[in-house]
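First residue of the sequence shown: 15, per the numbering used here; consecutive thereafter.
Read through the structure below, which is laid out as structure tokens, and then see the notes.
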Amino acid sequence: MFEGFVEKRLAGLVRDLQRLVRIPSVKSKPSPGAPFGFESRRCLNEMLLIAAELGFTARSIDGYCGEVIYGEGTRSLGVLTHLDVVPAEDGWRCPPFAGEIVDGRMVGRGTADDKGPAIASLYALAVLRDAGFQPKKEIRLIFGTDEETGSGDMAYYREHCPLPDMSFSPDALFPVVNAEKGITHLRLRKARTSSTLRSFRSGVRPNVVPDTASCEIVCGRAVLARVLEALPHPYTHELAEKNGILRAAVYGRSAHGSSPELGANAAIALAKALKEATDDPAAADLWALARCFDAPHDGARLNIPFRDEPSGALTANLGLLGFDGQVITGDVDIRYPVTYTYEDVASGMISVLQPMGFTLEPLSRTAPLYVPEDNELVSTLLAVFKEKTGRAERPLAIGGGTYARHIQNAVAFGALLPEQENVTHQKDEYTELSHLAFLTDILALAMLRLTERP
15 MFEGFVEKRL AGLVRDLQRL VRIPSVKSKP SPGAPFGFES RRCLNEMLLI
65 AAELGFTARS IDGYCGEVIY GEGTRSLGVL THLDVVPAED GWRCPPFAGE
115 IVDGRMVGRG TADDKGPAIA SLYALAVLRD AGFQPKKEIR LIFGTDEETG
165 SGDMAYYREH CPLPDMSFSP DALFPVVNAE KGITHLRLRK ARTSSTLRSF
215 RSGVRPNVVP DTASCEIVCG RAVLARVLEA LPHPYTHELA EKNGILRAAV
265 YGRSAHGSSP ELGANAAIAL AKALKEATDD PAAADLWALA RCFDAPHDGA
315 RLNIPFRDEP SGALTANLGL LGFDGQVITG DVDIRYPVTY TYEDVASGMI
365 SVLQPMGFTL EPLSRTAPLY VPEDNELVST LLAVFKEKTG RAERPLAIGG
415 GTYARHIQNA VAFGALLPEQ ENVTHQKDEY TELSHLAFLT DILALAMLRL
465 TERP
């Protein structure tokens, strides 16, 4: 509908997305005015500057998030995106914070999740203005900076700002996501010493499948080498020896913690290899824990095989696994169906892990989201998707969490089509420039349809 307007703006959109991608907005130590760290605040400032350059009035909400408001009305529409990103692990083919364009794709951390959709939402608003559209509701773009690590930004926004009457977040899938599983991050610990296993390290966050795991151990090199060489595709490994200590590393494939089946968990692979190659008690405990999170990742080995009709099956991801010579620690991500509770998850896990000697400490808890299909917001967005693509489809349920669950009457709308490759949280994350144009157009259409009436 707005293709001509989008085409005129596309070069600027790409340039401005590169400006955002070049800022490594990973959460770090807070400082005055920067509650989630210097780089996150710098990225927020850059987005607000871009908005001002496009002629919009933009403001920071005390460094927690930013806001651009367009139009007036007694009711309001919120469009929720985020500028923070997960860390970029080693092994990228392109620099993760450069925004290089290769074969029609921009490669970089945040291009898909969620800086690309954020800049597309801003340019969609510019396109609406270019087309002369005057909304009958207030349109409020909200740019967060803590979506990846707890959404403390949205908690602050709820306390200090009036909430939109309805909202959508382009941070998941088309056509519409109306069900988001509950999410809890837990820390599992067990005291254990070892005379042979010196250390075990893997992972960066509970909600990321670890693609690297390493250990230092005193054991027979030939046996360990044979076990590592038997690892299936796509795992690879390295093995070195210094002063009688073997250092082994296993490399798998990262993925978002909500879809552990898309990754290859290096922590699980190395823990299993150590158990097969040694009689070390710490190695046995590492594997006993890791095995609970091995495929099919449905929680059955943790006594939480939950499933329901609106949202499907539970998923369990082992995001970090470590041993420091004294304590085994595992940080895990559990995504549970919308008709279950955190208490259901905790009691089931305790029944399995407590007899194994592990304690369970909750790190974070986020309740599920479910908005019925006949809700006006859901039905309108489904109609927008059909108007743009010609496809009549049903809403989806996901294990991922978006800002939608933190704001009243909200769902996720985009940013990926179901058939597109999901590179969220992975090496060489990218977005296709053609998809940025599509996304800008459909977001503009969604804003129009949701605000053309008071």
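C-beta: ideal position from N, C-alpha, C; glycine also.
Item: Who are the Cβ neighbours of serine 393 in its own chain at under 8 Å, not counting the five residues just before and after it?; Value: Glu387
Item: Within the same chain, show all residues whose beta-carbon is closer than 6 Å to that of alanine 48, passing over the 5 residues directly before and after it, in chain order.; Value: Arg55 and Gly77
Item: Do you know whose CA, among Ala132, Tyr444, Gly146 and Val222, lies nearest proline 184's CA?; Value: Ala132
Item: Out of Pro468, Leu462 and Leu457, state which residue places its alpha-carbon closest to the alpha-carbon of valine 190.; Value: Leu457
Item: Going by other Cβ atoms of all chains shown within 10 Å of its Cβ, with 16 needed for buried, is threonine 250 buried or exposed?; Value: exposed
Item: Helix, strand or coil, according to DSSP, for methionine 180 in the structure here?; Value: strand
Item: Could you give the C-beta distance for leucine 334 and aspartate 322, rounded to a whole number, given that I count them as a contact under 8 Å?; Value: Contact flag wrong, Cβ pair sits at about 28 Å.
Item: Using the beta-carbon count (16 or more within 10 Å), is lysine 400 buried or exposed?; Value: exposed
Item: Mapping the DSSP letters down to three states, classify arginine 172 as helix, strand or coil.; Value: helix
Item: Is the CB-CB distance between tryptophan 301 and alanine 281 below 8 Å?; Value: no
Item: Please state if the CB of tyrosine 384 and the CB of proline 432 are separated by a distance shorter than 8 Å.; Value: no
Item: If you draw a straight line from the alpha carbon of isoleucine 348 to that of leucine 377, how long is it in whole angstroms?; Value: 11 Å
Item: Within the region 121-205, note down every full beta strand (DSSP E) run reaching 3 residues or more, in order along the chain.; Value: 152-158, 180-183, 191-194 and 196-205
Item: Quick test of your reading: isoleucine 231 and leucine 211, contact by CB under 8 Å. State the CB separation rounded to the nearest angstrom.; Value: 5 Å
Item: In terms of residues, what are the limits of the beta strand (DSSP E) holding glycine 277?; Value: Taken as a continuous stretch (DSSP letters only), glycine 277 belongs to no beta strand (DSSP E), as it is neither H nor E.
Item: Tell me the residue span of the alpha helix (DSSP H) that contains proline 295.; Value: 295-305
Item: Can you confirm whether the region 35-47 touches the region 139-158 when touching is taken to mean that 3 or more C-beta pairs between the two stretches lie within less than 8 Å?; Value: no
Item: For isoleucine 456, which three-state DSSP category applies?; Value: helix
Item: From the DSSP output, in three-state form, read off proline 382 for me.; Value: coil
Item: So, for isoleucine 318: in the same chain, excluding its five sequence neighbours on each side, which residues have a beta-carbon less than 8 Å away from its beta-carbon?; Value: Leu328, Ala330, Ile348, Tyr350, Asp358, Val359, Gly362 and Met363
Item: For glutamate 81, report the span of its beta strand (DSSP E) as first-last.; Value: 79-84
Item: In three-state DSSP terms, what is phenylalanine 70?; Value: coil
Item: What separation, rounded to the nearest whole angstrom, lies between the Cα atoms of isoleucine 115 and glycine 124?; Value: 14 Å
Item: Could you check what DSSP says for lysine 400 in three-state terms: helix, strand or coil?; Value: helix
Item: Would you mind working out which of Met168, Ile153, Ala309 and Ala418 sits nearest glycine 277, comparing C-alpha positions?; Value: Ala309
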